[in-house]
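Let me begin by presenting the structure, written as structure tokens, before commenting on it.
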Amino acid sequence: MSLSPARVFAALNAVRPPERSAPVMGRAVVVGGSVAGLLAARVLSDHAESVVIIDRDEAQAPGERPGVPQGTQLHALLPGGFLQLEQLFPGFREQALAQGAIEAPPAARRNYLDGRLKVVVPDDADSLAGSRPLLEALIRQQVLRLPNVKTVTARATGLVFDGAVTTGVRYDVGGAPGVESADFVVDAMGRSSRLSDWLEQAGWDRPAMRRMTVNLNYATALFRRRETNPEFTVVLALHTPRLSSDVAGAAFFAVEDGRWMAMMAGYGENRPGRTAADFVRRLRDQFPPEFGAVAGNEMLGDVRTYHHADSRRRDFHALKRFPAGLVSVGDAVASFNPVYGQGMTAAALHAACLSAYLRSGPDLGATARRFFALQKVVVDAAWSTSTSADLALPHVEGPYPRGYRFSSWVSGQIVTATVTDVAVARRFNEVVSMREHPRSLAAPGVILGALLANRRSRRPATAR
Ligand SMILES: Cc1cc2nc3c(=O)[nH]c(=O)nc-3n(C[C@H](O)[C@H](O)[C@H](O)COP(=O)(O)OP(=O)(O)OC[C@H]3O[C@@H](n4cnc5c(N)ncnc54)[C@H](O)[C@@H]3O)c2cc1C
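FYI, the numbering for the sequence shown is 34 to 497, going by the numbering used here.
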């Protein structure tokens, strides 16, 4: 019996301790040792005798690294992703806090929509704040503690097949080629993954790629933080197209080593905050007072910019022929407009899909169809949340799905109601933090709640 996407999503989110079973494979090889690859390796360590992670960057190198150029930019760990991490690595929270991550419970988070402060949802889930290199380093530490996981520093160059079965990964270290034999291979090479080329070269079909051009421009800067325990550790301010501002939004987080990390974003030709003076001025002039307070601190280093051209997904699930012993995870499968902060949480849910697939006792000599079917639920959910919001941006050209005008009107009502109504905000937060399937926002009770909340907030105070 096949389950509805909402039920699959709920099952993937159900908190349960990791489970180590008798190994069902010898060696698993993960190509790409960033967040998605590390989390896949964690899951595989329960099912393989050994796990090898191949990455072109030195594994131990702390901080920014060339293989993850987006690492300089502000990264939010959504509560859905935090829950998954705690599940995969019991005690993650305490260890993260001990190494400088900052607590971000609901009361320490502030959220503005077009300058209006949103209600706090007191029982919302917790999360943590920290720089992207810190979050990745914390995950890597936990994974490399596992006795059957090791890393190899090399550039993967292709796959080895025996008929329809994947049997190894080719790599190159300083011009010297090598092969890592494998019973199971995971592609976690990020959004520029070469897997499609490798498949095509070996006579397989490449997956169809869907794209939505967003042309997003990010700018991130660090500031000295004087407060050890600031009242608010995560503050976000989103501008909708209604506001006709050239800044789409800004955010700042308390991060490790006594710093604030602040970000602002614009679309298309708008590139706000590229110089230190412009960054500080805009934080002061165009955002609520908390932003000006952060901008009043000493800026540490330069403003770092990043251009993100498109959201994209590769539809592996739709391929008729696909080798056995091979899956793809993380941004290599789907990478979204980063303003919604979904990437690392989606990667964690892909790891949950891998766990569910391997627990189901699959035939590893056959294509991992059940894995791709589970993963499709996660990708569809994240894709619909991010692309339906992006379609409201004036410069995004579509494609518009059927019924878009109505669904966009309903979403607009729900988003507006999140400013004043705790129940609607609670459900909305569960969806955007990837703990609930987006369909739950289509429930009549949620839509009615949103309409009533918006009516109440439009009514003049004397008439209430
Ligand atoms: C500007 C920006 C902001 C973002 N903000 C957020 C956010 O707020 N929250 C969030 O959750 N996500 C965010 N993301 C997304 C997030 O960065 C990714 O989703 C996350 O890093 C998981 O990606 P990944 O592990 O699949 O791939 P990546 O992090 O891109 O890593 C790919 C890895 O593969 C390795 N690799 C690639 N090719 C080879 C090869 N041939 N051989 C060996 N190794 C190879 C690379 O060295 C790298 O380590 C943001 C992204 C961008 C661009």
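We treat Cβ as the ideally placed atom computed from N, Cα and C, and that holds for glycine.
message: Suppose the cutoff is 7 Å on Cβ atoms and the five residues either side in sequence are ignored; what does the same chain contact list for Ala496 look like?
response: Because the pLDDT of Ala496 is 46, which lies under 50, any placement of that residue in the model is unreliable, and the number read from its coordinates should be weighed accordingly. Nothing meets the Cβ criterion.
- prompt: Can you pull the DSSP bridge partners for Arg203?
  reply: Gly191 and Val212
query: Between Gly306 and the rest of its own chain, which residues show a CB-CB distance below 7 Å, the 5 nearest in sequence each way excluded?
result: Ala252, Met297, Phe312, Arg315 and Val336
- prompt: What span of residues does the beta strand (DSSP E) with Trp442 cover, start to end?
  reply: Note, Trp442: premise wrong, no beta strand (DSSP E); alpha helix (DSSP H) at Tyr437 to Ala450.
query: Given that a residue counts as buried once 16 or more other Cβ atoms are within 10 Å of its Cβ, and exposed if not, what is Trp293?
result: buried
Member of Gly211, Ala162 and Leu192 whose CA lies at the smallest distance from the CA of Thr186: Gly211
message: Shorter than 7 Å, the distance from the beta carbon of Pro305 to the closest heavy atom of ligand 1, or not?
response: Every heavy atom of ligand 1 is 7 Å or more from the Cβ of Pro305, so no.
field: Backbone CA spacing between Pro321 and Leu116 [nearest angstrom]
entry: 30 Å
message: Taking the beta carbon of Gly208 as the centre, do at least 16 other beta carbons fall within 10 Å, making it buried, or is it exposed?
response: exposed
field: Cβ neighbour criterion (16 or more within 10 Å) applied to Leu29
entry: For residue 29 there is no data in the structure shown, the boundaries of the chain being 34 and 497.
- prompt: So Lys183 is in the beta strand (DSSP E); what residue range does that whole segment cover?
  reply: Looking at the DSSP string, the run of the beta strand (DSSP E) that includes Lys183 is Val182 to Thr186.
query: Is the stretch 372–387 in contact with the stretch 257–267, if contact means three or more CB pairs nearer than 8 Å?
result: With the cut-off at 8 Å, the stretch 372–387 and the stretch 257–267 do not touch.
query: Among Ser361, Pro274 and Ala221, which residue has its Cα nearest to the Cα of Ala422?
result: Pro274
message: Rounded to whole angstroms, what is the Cα-Cα separation between Gly66 and Gly478?
response: 43 Å
- prompt: Which one of Phe125, Ala140 and Val218 has the shortest CA to CA distance from Ser361?
  reply: Closest by alpha carbon: Val218.
Range of the contiguous alpha helix (DSSP H) that encloses Ser344: Where Ser344 is concerned, there is no enclosing alpha helix (DSSP H), although the beta strand (DSSP E) it sits in stretches over Met332 to Arg347.
- prompt: In this structure, does DSSP put Met222 in helix, strand or coil?
  reply: coil
message: The alpha helix (DSSP H) that contains Ala406, what's its start and end?
response: Arg402 to Asp423
field: Terminal residues of the alpha helix (DSSP H) in which Leu77 lies
entry: Val68 to Leu77
- request: May I have the straight-line CA-CA distance separating Met245 from Ala55, to the nearest angstrom?
  value: 43 Å
field: Spatial neighbours of Asp220 in its chain, beta-carbon cut-off 8 Å, leaving aside the 5 residues before and after
entry: Val64, Gly65, Ser226, Leu228, Leu359, Val360, Ser361, Val362 and Ala365
- prompt: In terms of residue numbering, what span does the beta strand (DSSP E) encompassing Tyr390 cover?
  reply: From DSSP, Tyr390 is part of no beta strand (DSSP E) but of the alpha helix (DSSP H) over Gly376 to Arg392.
message: Does Phe355 come out as helix, strand or coil in the three-state DSSP assignment?
response: coil
- request: Would you check if the stretch 159–166 and the stretch 113–131 touch, i.e. whether three or more CB-CB distances between them fall below 8 Å?
  value: yes
- request: Please indicate yes or no: does the CB of Ala109 lie closer than 7 Å to some heavy atom of ligand 1?
  value: Checking every heavy atom of ligand 1 against the Cβ of Ala109, one is found closer than 7 Å.
message: Using DSSP's beta-bridge definition, name the partner residues of Val288.
response: Arg292
field: Alpha carbon of Arg346 to alpha carbon of Met222, nearest angstrom
entry: 14 Å
message: Using CA atoms only, rank isn't needed, just tell me which of Pro123, Tyr433 and His428 is closest to Leu171.
response: Pro123
Reduced DSSP secondary structure (H/G/I, E/B, other) of Val313: helix
message: Assuming contact is defined by CB atoms lying nearer than 8 Å, are Val101 and Val85 in contact in what I supplied?
response: no
message: Classify Leu107: buried if its beta carbon has 16 or more other beta carbons within 10 angstroms, exposed otherwise.
response: Buried, because 16 or more other Cβ atoms sit within 10 Å of the Cβ of Leu107.
field: Own chain partners of Ser388 with C-beta closer than 7 Å, once the 5 adjacent residues on each side are dropped
entry: Apart from the 5 residues on each side of it in sequence, Ser388 sits with its Cβ closer than 7 Å to the Cβ of Val76 in its chain, given in chain order.
- prompt: Quick one: what does DSSP say Ala496 is sitting in, helix, strand or coil?
  reply: Confidence is the limiting factor: at Ala496 the pLDDT is only 46, short of 50, which leaves the residue's position unreliable and the question unanswerable from this model.
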